[in-house]
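A.B. asks: In my numbering, the protein residues as written are 727 to 945.
Encoded as structure tokens, here's the structure I'll be asking about.
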């Protein structure tokens, strides 16, 4: 297996926006680990966060539009020019259609990672048909909660891995929702996932460095 991913979604938490985004990203870049550390930032913070070395930076969303009359949309080429080296799409907090994902993928350059989020096994299976780089399964009811998906519903992780690999063995599976510590990450890996997608477990932590170190402690 390639290096496991620790993907931290900054969302729009006050502790992960503007100058705080740079502080958080610097802490992520300082973690000594074999894991692949990914910061998923607001479009406003792509430039400043991508200037930090030792950290991969993804956009929180992109739209399948070109440069022109698209007020308010997130146009991919500008995001890439401002430092985005990947993106998530279809997060539970910003759902889009399968057509949106398909059309966006067609616009992105080869090798540009796209992580499509899925609420359940069936949505993961449908997304796998499109062949994104990653699929992250996140039951919406567990997002931001105190119980990790790996504890509350481990079957959805293993079942998603099986379903996605059956459709397209090249798609890598992540899991998220309630992930907060190294044991959650280790359990996700044991269930067949290749990493985790999390947010509040890091962005709302009182000791961010300690949480980051713990997340990678069992890898």
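The beta carbon of each residue, even a glycine, is placed where N, CA and C say it ideally should be.
Using a Cβ distance threshold of 8 Å, determine whether the segment 859-874 contacts the segment 794-804, with at least three qualifying pairs required.
C.D. replies: In short, these stretches do not touch, since the Cβ pair count stays below three.
A.B. asks: Is there at least one non-hydrogen atom of the ligand COA closer than 7 Å to the beta-carbon of residue 915?
C.D. replies: Although the ligand COA was asked about, the structure shown includes no ligands whatsoever.
A.B. asks: Helix, strand or coil for residue 743, going by three-state DSSP, please let me know.
C.D. replies: Looking at residue 743 - three-state DSSP - the assignment turns out to be coil, as it is neither helix nor strand.
A.B. asks: Would you identify the three-state DSSP class for residue 873, choosing helix, strand or coil?
C.D. replies: Coil at residue 873, not helix or strand.
A.B. asks: From 772, 889, 885, pick the residue whose C-alpha is nearest to that of residue 812; which is it?
C.D. replies: When only C-alpha atoms are compared, the closest one is 772.
A.B. asks: Thinking C-alpha only, which one of 846, 818, 791, 806 is nearest residue 828?
C.D. replies: Looking at the Cα atoms, 791 is the closest of the given residues.
A.B. asks: Report yes or no: do the segment 916-927 and the segment 876-887 share at least 3 C-beta pairs separated by less than 8 Å?
C.D. replies: The segment 916-927 vs the segment 876-887: in contact.
A.B. asks: Look up residue 767 in the DSSP assignment and say whether it is helix, strand or coil.
C.D. replies: Reduced to three states, the DSSP call for residue 767 is strand.
A.B. asks: Tell whether a beta-carbon distance below 8 Å holds between residue 786 and residue 764.
C.D. replies: No, they are not a contact pair.
A.B. asks: Going by DSSP, what residue range makes up the beta strand (DSSP E) through residue 684?
C.D. replies: Only positions 727 to 945 of the chain appear in the structure, and residue 684 is not among them; the question remains open.
A.B. asks: Should residue 933 go down as buried or exposed, given a rule of 16 or more other Cβ atoms within 10 Å for buried?
C.D. replies: So residue 933 ends up on the exposed side.
A.B. asks: Out of curiosity, what's the CA-to-CA distance linking residue 768 and residue 892?
C.D. replies: Rounded to whole angstroms, residue 768 to residue 892 spans 33 Å at the Cα level.
A.B. asks: Going by the DSSP bridge assignment, what does residue 785 pair with across the sheet?
C.D. replies: Partner(s): 767, 813.
A.B. asks: For residue 783, which residues in the same chain have their Cβ closer than 7 Å to its Cβ, ignoring the five residues on either side in sequence?
C.D. replies: Cβ within range, chain order: 765, 767, 772, 775, 776, 809, 810, 811.
A.B. asks: I believe residue 861 touches residue 890 by the beta-carbon criterion, under 8 Å. Please report the beta-carbon distance rounded to the nearest angstrom.
C.D. replies: 6 Å between Cβ atoms; contact.
A.B. asks: Going by C-alpha distance, which of 859, 778, 848, 738 is nearest residue 832?
C.D. replies: If we check each option's Cα against that of residue 832, 859 comes out closest.
A.B. asks: If I measure Cβ to Cβ from residue 804 and keep anything under 8 Å in the same chain, skipping five residues before and after, which residues do I get?
C.D. replies: Correct list, in chain order: 793.
A.B. asks: On a Cα-Cα basis, can you pick out the residue from 802, 816, 897 that is closest to residue 835?
C.D. replies: Comparing Cα-Cα distances from residue 835 to each of 802, 816, 897, the minimum goes to 802.
A.B. asks: Check each candidate in 925, 941, 942 and name the one with the smallest Cα separation from residue 740.
C.D. replies: Measuring from the Cα of residue 740, the nearest candidate turns out to be 925.
A.B. asks: Where do the ends of the beta strand (DSSP E) carrying residue 851 lie?
C.D. replies: Premise fails: residue 851 lies in the alpha helix (DSSP H), 847-854, not in any beta strand (DSSP E).
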